[in-house]
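What the sequence shown shows, in my numbering, is residues 1 to 386, in sequence order. Heads up: the structure comes next, in structure tokens.
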Amino acid sequence: MAKSNQKPTNIGKTKRSTDDLINDAIAQQNNWMENRRNFARRFLKTLNIFARPAPRNDVEIQTAATSARTARNSRSGLRAYWFPILCAIFVIFVAIWVLFVRANNTTTQVVVVPSVPEPVVQTVDENTVPSFDIVRIEPAGSIVVAGRWLPHQNISIVINGKSVATERTDSDGEFVYAPARVFDAGNYTISLVGADDGTKSTENVFVYVSPHGYKHSVSLLMTRDGSTMLQAPSQLADGDLVVSKIDYLDTGRIVVTGDALPRLRVSLSLNNKYLGFARVSDHKHFGLGADVGELETGKEYTLTVRLHDGDGRTVAQVGHTFTMPEMTGDDNTYYTVRRGDCLWIIARNFLRRGVLFSIIAERNNIENPNLIYPKQLLQIPVGESK
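Encoded structure:
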């Protein structure tokens with residue numbers, strides 16, 4: 001019993017030895033860490049000695065501090081106003097570019113307009129003028145004008161002295177004017193004028209719109225060398241060629257007056273012998289005189305008046321057969337003035353020479369030979385021209 005209640009005596013000693021071992025280990029570790037810290041301090045201190053500048057006196061230190069503060073303040077001011085400064089630099093750069101760079105390149109600047117073809121720069125020769133290709137009267141009564149000039153040029157169509165439209169030539173120099181307007185019956189003179197430089201065509205087109213329709217109308221190109229028919233009448237109506245009067249003078253001269261399509265030519269033949277031609281006026285009147293010599297009293301003669309187109313083809317003719325009556329010996333004849341007449345033409349037909357118009361003016365007491373009136377009755381002193 002006594003033996004079982006006895007406590008072991010070596011348990012406490014074993015526990016204290018273990019605590020000592022642990023404490024020793026912790027102490028060694030702390031000592032090792034302290035040694036490392038001391039080594040690191042010495043190493044860093046050594047490096048700091050080499051990196052640190054030489055010591056300065058207090059004045060130098062204070063001056064350096066003041067400079068550093070000034071630099072910091074300057075940098076702070078620049079940071080605060082960087083955007084206005086940048087804007088000012090940009091404005092100065094743009095001003096220099098406008099004054100020097102752009103001013104030198106102004107003359108070579110090219111503006112491209114896609115919707116309008118760029119004009120072709122050409123030297124206009126004095127012989128290069130607008131010209132006609134077609135002038136046609138349509139069935140509806142409108143007039144179509146086609147022609148040519150320099151490429152990409154504006155050209156004005158002038159009708160009876162008034163500009164009615166401006167067309168632009170294409171790359172081939174061609175243009176077309178085709179209005180929907182219906183033209184009233186009458187006479188029209190069409191010309192072409194360059195809209196930009198005023199270059200005028202050397203040729204005109206005379207158009208006669210007949211009241212009987214386009215088949216009776218006429219389009220005639222008038223040039224310095226003569227006339228060319230652009231559109232001839234395919235049909236003629238009553239009144240397109242009418243002989244109103246035939247005079248045979250005792251001077252051996254025959255004078256025929258009448259009406260026909262304007263600007264065309266009429267010719268006169270006696271027994272198929274060609275005597276001459278005359279052009280119909282714009283007012284559709286014509287007068288034609290020719291020397292036929294002495295006609296035999298009681299003999300039958302055939303007088304033929306033909307209407308010709310611009311190419312000389314006969315489009316209509318009127319024949320008149322008469323028997324030569326006995327001459328009365330009267331040296332005077334009479335003529336009724338019609339619209340478009342002038343004394344020079346009347347004198348040419350009746351007196352052979354237009355310069356003898358003064359004889360007619362004197363006989364009829366006309367003060368101004370340039371002023372006569374339609375339906376005015378004139379006495380023609382044919383005997384004074386012998």
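Each residue gets a CB set at the ideal place from its N, CA and C atoms; glycine is no exception.
Using a 10 Å radius around the Cβ and a threshold of 16 neighbouring Cβ atoms, would you call residue i buried or exposed?
| i | result |
| --- | --- |
| M229 | buried |
| S201 | buried |
| N332 | exposed |
| Y248 | buried |
| R353 | exposed |
| T169 | buried |
| E362 | exposed |
| K45 | exposed |
| V135 | buried |
| I22 | exposed |
| E367 | exposed |
| N271 | exposed |
| R36 | exposed |
| K284 | buried |
| F357 | buried |
| I99 | In the sequence on display, residue 99 carries Leu and not Ile. The residue is exposed, with fewer than 16 neighbouring Cβ atoms inside 10 Å. |
| V112 | Low confidence applies to V112: its pLDDT is 40, below 50, so where it sits in the model is not reliable, and the reading given next is rough at best. Classification of V112: exposed, given that the 10 Å Cβ count is below 16. |
| L377 | exposed |
| I89 | exposed |
| I360 | buried |
Whose C-alpha, out of the options, is nearest the C-alpha of residue i?
| i | options | result |
| --- | --- | --- |
| M222 | R253, A237, V242, L192 | L192 |
| H320 | T314, V337, Y301, Y334 | Y301 |
| G312 | T46, F183, L220 | L220 |
| I137 | Y208, T257, I159 | Y208 |
| T387 | F322, T297, G298, S269 | Absent from the model: residue 387. The displayed extent of the chain is 1 to 386, so no value can be given. |
| S142 | N154, I157, F183 | F183 |
| Q235 | P374, N272, L261, W82 | L261 |
| K375 | L343, T336, A347, T128 | T336 |
| G161 | T189, N368, D259, L343 | T189 |
| N370 | R42, G340, I157, T166 | G340 |
| Q231 | V315, T257, G289 | V315 |
| A195 | G239, Q153, R348 | Q153 |
| G226 | H285, A40, D238, R263 | R263 |
| H212 | A237, F206, V205, D197 | A237 |
| V355 | L343, N365, N364 | L343 |
| T128 | V158, E167, F100, D197 | D197 |
| G239 | I254, S210, R265, D250 | S210 |
| Y334 | F322, F90, N349 | N349 |
| I254 | R41, R265, G289 | G289 |
| I246 | V94, M324, W97 | M324 |
Just how far apart, CA to CA, sit residue i and residue j?
| i | j | result |
| --- | --- | --- |
| R338 | T199 | 37 angstroms |
| F277 | D309 | 12 angstroms |
| L307 | V280 | 9 angstroms |
| I85 | M33 | 57 angstroms |
| G186 | G298 | 43 angstroms |
| D282 | G252 | 29 angstroms |
| Q379 | D172 | 59 angstroms |
| R224 | S267 | 21 angstroms |
| G287 | V318 | 15 angstroms |
| S244 | V256 | 8 angstroms |
| G258 | Y373 | 18 angstroms |
| A165 | F132 | 15 angstroms |
| V158 | P233 | 24 angstroms |
| L351 | V382 | 6 angstroms |
| A347 | N364 | 13 angstroms |
| A140 | V205 | 20 angstroms |
| N38 | A25 | 20 angstroms |
| S163 | I155 | 10 angstroms |
| P117 | P151 | Low local confidence applies: a pLDDT of 48 at P117 is under 50, so the model's placement there is unreliable, and no value is given. |
Would residue i pass as an interface residue toward chain D - the criterion being a Cβ-Cβ separation below 8 angstroms?
| i | result |
| --- | --- |
| P139 | No chain D appears in the structure shown, which is made up of a single protein chain. |
For a minimum of 3 consecutive residues, which ranges assigned as the beta strand (DSSP E) are wholly contained in the segment 276-354? Whole beta strand (DSSP E) segments, 3+ residues: 285-291, 300-308, 314-323, 332-336.
Is the segment 215-232 touching the segment 282-296, taking contact as three or more C-beta pairs under 8 angstroms? No, they do not touch.
Specify whether the segment 147-158 and the segment 173-182 touch according to this definition: at least 3 beta carbon pairs, one from each stretch, less than 8 angstroms apart. Taking a contact to require three or more Cβ pairs closer than 8 angstroms, the segment 147-158 and the segment 173-182 qualify as touching.
Secondary structure, beta strand (DSSP E): runs of 3+ residues fully inside the segment 21-51: Whole beta strand (DSSP E) segments, 3+ residues: zero.
May I have a chain-ordered list of the beta strand (DSSP E) segments no shorter than 3 residues that lie completely inside the segment 147-232? Those beta strand (DSSP E) runs which fall completely within the segment 147-232 and span 3+ residues are 154-159, 162-168, 174-177, 186-194, 204-209, 218-223, 226-231.
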